[in-house]
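Enquirer: Sharing a structure below in structure tokens format, with a few things to ask.
What follows is the structure, encoded as structure tokens:
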């Protein structure tokens, strides 16, 4: 079982690297934010598996906080970018 | 912690399915070309992938407090992920000036008209069959 958990964590790490490549390549800003959201979700899966692997169920609390923070981060970054874009448009129009 | 074989096999299958779903979603994100379509692939990670992995770990933990925490994580994900997707789509549609080159944009009245036309034609076809 331990080997299986290690292997699944390694596969998830490779997928996180792939998502990181998407975040670097992504032509539009929404691509990048989406890739960061994906990285967050997969990191939570890794932490959840690690919590069973190490027998430390308190790591699941970290998962919960990580999920909440990544959710807030996506919303804040998107809203700030929309605000900046509108301000720029207004300045160009004036 | 004592884990029987009856727990290990379904848990391993569920975790493997979760990892597989995440792999397919990551592959889809590279294969699909526009961000509004890509979001469909990336949403699979948030909903199905997390559910499978949490279910697998829940079977391993048994009926206990960590299982409840895993359930809370899944519930939080299922509430947060649609909100995230909605705001990301807002960002894309607000800031992309060349949106009409990627997809067809109709005013709401045109969509309603098309839907009512489709309904009428479907009703007419149904009447013919009876």
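Chains as they are written, first to last, in the numbering used here: chain A, -11 to 82; chain B, 369 to 498. We treat Cβ as the ideally placed atom computed from N, Cα and C, and that holds for glycine. No experiment lies behind these values; they were computed from the predicted model shown.
#1: If you draw a straight line from the C-alpha of residue 21/A to the C-alpha of residue 414/B, how long is it?
#2: For the stretch 27 to 41 of chain A against the stretch 0 to 7 of chain A, are there 3 or more C-beta pairs whose distance is under 8 Å?
#3: Distance check for residue 405/B and residue 474/B, CA to CA, integer angstroms please.
#4: In the stretch 23 to 43 of chain A, which residues sit with their C-beta less than 9 Å from some C-beta in chain B, listed in chain order?
#5: Taking only heavy atoms of the ligand HEM into account, decide whether any of them is closer than 6 Å to the Cβ of residue 66/A.
#6: Would you check if the stretch 10 to 20 of chain A and the stretch 46 to 57 of chain A touch, i.e. whether three or more CB-CB distances between them fall below 8 Å?
#7: Which residues, in chain order, does the stretch 452 to 482 of chain B contribute to contact with chain A at a C-beta distance below 9 Å?
#8: Hey, does residue 413/B have any beta-carbon neighbour from chain A nearer than 7 Å?
#9: Could you check the C-alpha separation between residue 385/B and residue 375/B for me, to the nearest Å?
#10: If we cut at 7 Å on Cβ distances, does residue 492/B have a partner in chain A?
#11: Considering Cα atoms alone, identify which of 397/B, 481/B and 380/B is closest to residue 424/B.
#12: Hey, residue 394/B and residue 33/A are a contact pair by Cβ (cut 8 Å); roughly how many whole angstroms apart?
#13: Does DSSP classify residue 473/B as helix, strand or coil?
#14: Which residues mark the beginning and the end of the alpha helix (DSSP H) in which residue 345/B is found?
#15: Could you list which residues in chain A have their beta carbon closer than 8 Å to that of residue 392/B, in chain order?
#16: If we define contact as Cβ-Cβ less than 7 Å, is residue 397/B a contact residue for chain A?
Expert: Let me lay it out:
#1: Against the first chain, residue 21/A aligns to sequence position 33. Against the second chain, residue 414/B aligns to sequence position 46. The alpha-carbon atoms of residue 21/A and residue 414/B are separated by roughly 14 Å.
#2: yes
#3: For the purposes of this step, residue 474/B is taken as residue 106 along the second chain, with counting starting at 1. For the purposes of this step, residue 405/B is taken as residue 37 along the second chain, with counting starting at 1. Cα to Cα, residue 474/B sits roughly 18 Å from residue 405/B.
#4: Residues 23, 25, 26, 29, 30, 32, 33, 36, 37, 39, 40 and 43.
#5: The ligand HEM is absent from the structure shown, which contains no ligand whatsoever.
#6: no
#7: Answer set for the stretch 452 to 482 of chain B: 452, 453, 455, 456, 457, 458, 459, 460, 462, 463 and 464.
#8: If you number the second chain from 1, residue 413/B lands on position 45. It does: the Cβ of residue 413/B has a partner Cβ on chain A nearer than 7 Å.
#9: Walking along the second chain from the start, residue 385/B turns up at place 17. Walking along the second chain from the start, residue 375/B turns up at place 7. Looking at the two C-alpha atoms, the distance is approximately 16 Å.
#10: The residue given as residue 492/B occupies position 124 in the second chain. No, because no Cβ of chain A sits closer than 7 Å to the Cβ of residue 492/B.
#11: Locating residue 424/B in the second chain gives position 56, counting from the first residue. Per the Cα distances, 380/B.
#12: Looking up residue 394/B in the second chain gives position 26. Looking up residue 33/A in the first chain gives position 45. Actually they do not touch by this definition, with Cβ atoms about 12 Å apart.
#13: Position 105 of the second chain, counted from the first residue, corresponds to residue 473/B. Correct three-state label for residue 473/B: coil.
#14: In this structure chain B extends from 369 to 498, so residue 345/B is not present and cannot be described.
#15: Taking the first residue of the second chain as position 1, residue 392/B is located at position 24. Per Cβ cutoff of 8 Å: no residues; residue 392/B is ~10 Å from chain A at best.
#16: To locate residue 397/B, count along the second chain from 1; it is residue 29. So, interface residue.
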